[in-house]
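Chains A and B, in that order, give the protein sequences. Residues in the first sequence are numbered consecutively from 1, following our numbering. Residues in the second sequence are numbered consecutively from 339, following our numbering.
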Amino acid sequence: MRNLFFSTALGLALVTSAANAADVDTIAVLTPEQGSDFGWNQQGVDAARAAAAAAGVEIIVAEGLGYGDVRAPMRELAADGADLLIAHASGYNTAGPEIAEETGVPVAIVDSPDALKAGLVADYTLSGHEGAYLAGRLAAKMTTTGTVGIVVSGEPPSWNSQSAGFAAGVRAENPDVNILYSVIGPAAYSDAAGGNRVTTSVIAAGADIIFGQGNGSSFGMIQAVESNQATDGSDVLFIDVIGDKSELDTGHLLTSVVWDMTPVYSAMIEDLKNDTFGTRSYSISLADDSVKLLKTPQVDDEAWNAVMELRDQILSGDITVEAMFDAEDVRAMVTVAE
Amino acid sequence: MGGLLTEAFLSSLLTGAIVAAVPILLAGLGEQMSEKAGVLNVGIEGMMLMGAYTGFLAAFQTSSLWLGFLGGILGGLLTALVMAILCVRMGLNQIVIGIGLTLGAEGLTALLHHFQFSRSYPRLPAPERLDIPGLTDLPVIGPSLFARHPIVYFALLAVVVLALLYRRTNLGMTLRAAGERPAALDVAGGNVVGIRLAAVLFTGAMAGLGGAYLANIAAGLFIPFMTGGAGFIGIVLAMLARGRPLWVLIGALIFGAALSLTTALQVAGSTMPTEVIQMLPFAAVMLVLVLFGRRAKLPSALAVSYERGAR
């Protein structure tokens, strides 16, 4: 009798669950800049397309929406039948949950782990801090001036954790290496001229390797790296993040902490189908190669092999890289001039 | 912090200030002439952006920075032509048209960039520099001030030329009359519409040149929305300068230095919060506005369209 009761209960639960499981036909991704920037926007759009294709759902790409108010395009996409809105910019974190409440369409936002709401709002606070740590180890091995620079166009949590990871890697490899840190401006994501100006100053202050996080402003950083020489006369090298700019490289790209967001978006679609959307945050890691370092001709085999050994140590747990999302933590790790 | 006050770093600080100041200076000088003639050119941000795009396009296609600057001037000029026709010839609201032009230029240049460059992000080579013999070797200020691209010297020369134009020539008086007493200028046989048209076109050319400088020298590439409000800062400088080009130069240098200082303080490891440091340039503008804003003397007929015989 008891078995019959449990069997019936289990059967009812399964039937109910199947009946409640959301149908996902279409997802939409919203980006502030065009999805062709070799960085945050492109990786987001490419990953959303890949995840949609893998799940067999339609994808709507709304790109180049800027950093302002996106409520209107979000409402439009909801009206067009999107079953999930991926709001791919930290500037959309206020509008996203509001639109989710208003339209009932689930929204995924970034850098807001406290904003989870079952069925409506999910967060993906991505961090390549482990990859950045490896990049820091590599930079400390290869610097000839003994000074490296971190240039960022803003201080969102994802970038803070990478800046901190990079600084931790440099410190672990060689505590005597100076780390200079500079923010271009508040949300200066597309300020290429600012990226160039700030990077030029950081190079003049002694840095010969620049760890740059900037979206559109990264191109200004690269221009500065290509146009200036280090204070010891050597070429300056650049470490990029998120995307792969190797096809634009003229011999100054040391590596990139590349992100693949496909597993994140695939998990979102899966959770949506299973009615578990909004119950957890999503992340990327070295373990599934959703975070990895880019190999370029500027890295010699010996240094690369050493870094890959360090990667294995992170995966085995011998090295732990703590994710620090606060800008204060980053500033506490950089060099203060005497 | 003293450890970072090396010659190279101070030189870089000055260089950063000059690089940041030049586009604002060019835009501010252009805006000043427009305002003198009675046209409030709010569209200057859009003119800069168009100049940045066309300037970069020309430089990239021809591999010549000078043709790039010419392209920037033409881009700004064409955008200003729209403003001139709608606001000066047709008498439409200058502020509304100016905002519309800026928004239109933002959209158009972003679209053009998307189709042309967004898959390749081409960059220009480092610009050549003109060394001033005997001065370039001076410590700290030498490389910063006397080893710049010739366009920087052109911008400084423009300050002198415009100051002389406004103070010493009939054209300068005519410009002032168009902004202060357009009806009187008309009665005296002057061509109010003609002089305002010319002033607006000059503004477009200078703003376009400033945009081309931003794309070709300061950044080495074009990125959508890259002017980032430089045109609006130019408007503020022109309004505060009370018609004097030298004051536009001083204002641009103060803003550029404040902008460059934000990097210097961070690189020196200042414990001041980044947010506070980054407010410095804008706080400087606000401070100047508070101190000198009330003394700003604007032309009586600024932003008022002129129609012969209208009361």
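Cβ atoms here follow ideal geometry from the backbone N, Cα and C, with glycine treated the same way.
Check: Proximal residues to L120 of chain A (C-beta, below 6 Å), its chain only, five neighbours per side dropped; Outcome: A100, P106, G278
Check: Per-residue burial, W259 of chain A [other beta carbons within 10 Å of its own, 16 or more giving buried]; Outcome: buried
Check: Minimum Cβ-Cβ distance from E98 of chain A to chain B less than 9 Å; Outcome: no
Check: Three-state secondary structure (DSSP) of M339 of chain B; Outcome: In this prediction, M339 of chain B has a pLDDT of 47, which is less than 50 and means its spatial position is unreliable; what the coordinates show is noted afterwards. Here M339 of chain B sits in coil by DSSP.
Check: Nearest-angstrom Cα separation, counted from V170 of chain A out to F211 of chain A; Outcome: 11 Å
Check: Under 9 Å between C-beta atoms of M74 of chain A and T31 of chain A; Outcome: no
Check: Presumed contact (8 Å Cβ cut-off) between T255 of chain A and V299 of chain A, rounded CB distance; Outcome: 6 Å
Check: Against chain A: residues of the region 350-363 of chain B by CB proximity under 9 Å; Outcome: S350, L351, T353, G354, V357, A358, P361
Check: Under 7 Å by beta carbon: chain B residues contacting Q223 of chain A; Outcome: R461, A557, G558, L559
Check: Near the ligand NAP: A172 of chain A beta-carbon under 8 Å from a heavy atom; Outcome: Within the structure as shown, the ligand NAP is missing, as the structure has no ligands at all.
Check: Candidates B:L348, B:S608, B:A622, of which the one nearest P477 of chain B by Cα; Outcome: B:L348
Check: Amino acids of chain A, ordered along the chain, whose beta-carbon sits closer than 8 Å to that of Q616 of chain B; Outcome: V183, G185, P186
Check: Assigned exposure category for T353 of chain B - 16 Cβ within 10 Å defines buried; Outcome: buried
Check: Spatial distance of A87 of chain A from V110 of chain A (CA atoms); Outcome: 7 Å
Check: Residues of the region 429-461 of chain B whose Cβ lies closer than 7 Å to any Cβ of chain A, in chain order; Outcome: A448, H452, S456, R457, Y459, R461
Check: Cβ-based neighbour list, S281 of chain A, same chain, cut-off 8 Å, excluding 5 preceding and 5 following; Outcome: P113, L116, A122, D123, Y124, T125
Check: Start and end residues, alpha helix (DSSP H) containing Y189 of chain A; Outcome: Y189 of chain A -> no alpha helix (DSSP H), and no H or E assigned at all.
Check: Contact list for Q604 of chain B against chain A, beta-carbon separation under 7 Å; Outcome: Y181, S182, V183
Check: Other residues of its chain near I319 of chain A: CB distance less than 7 Å, five sequence neighbours each side excluded; Outcome: L310, Q313
Check: Own chain partners of R71 of chain A with C-beta closer than 8 Å, once the 5 adjacent residues on each side are dropped; Outcome: A95, E98, I99
Check: Contact with chain A by L408 of chain B, beta-carbon distance below 9 Å; Outcome: no
Check: Validate contact between the region 145-156 of chain A and the region 177-188 of chain A using beta carbons, cut 8 Å, 3 pairs; Outcome: yes
Check: From A:A167, A:G35, A:Q229, A:G195, residue whose alpha carbon lies closest to that of H129 of chain A; Outcome: A:A167
Check: Where F211 of chain A falls: helix, strand or coil (DSSP); Outcome: strand
Check: Inter-stretch contact at 8 Å, needing at least 3 Cβ pairs: the region 468-477 of chain B / the region 413-427 of chain B; Outcome: no
Check: Under 9 Å from the C-beta of A595 of chain B: neighbouring residues of chain A; Outcome: None at all; the shortest Cβ gap to chain A is about 12 Å.
Check: Beta-bridge pairing of D240 of chain A - partner residues as DSSP gives them; Outcome: A:S256
Check: Spatial distance of D275 of chain A from L286 of chain A (CA atoms); Outcome: 28 Å
Check: Paired residues, beta bridge with A108 of chain A - DSSP; Outcome: A:I86, A:A122
Check: Member of A:G64, A:A207, A:G56 whose CA lies at the smallest distance from the CA of V45 of chain A; Outcome: A:G64
Check: is_contact[R171 of chain A, chain B] using C-beta, thresh 9 Å; Outcome: no
Check: A89 of chain A versus E613 of chain B - alpha carbon distance; Outcome: 20 Å
Check: Proximal residues to A52 of chain A (C-beta, below 6 Å), its chain only, five neighbours per side dropped; Outcome: I27, I59
Check: Proximity below 9 Å, CB of M386 of chain B to CB of G589 of chain B; Outcome: no
Check: Cutoff 8 Å; reference Q616 of chain B; Cβ partners in own chain excluding five residues on either side; Outcome: T600
Check: Between the CA atoms of T565 of chain B and L441 of chain B - distance to the nearest angstrom; Outcome: 13 Å
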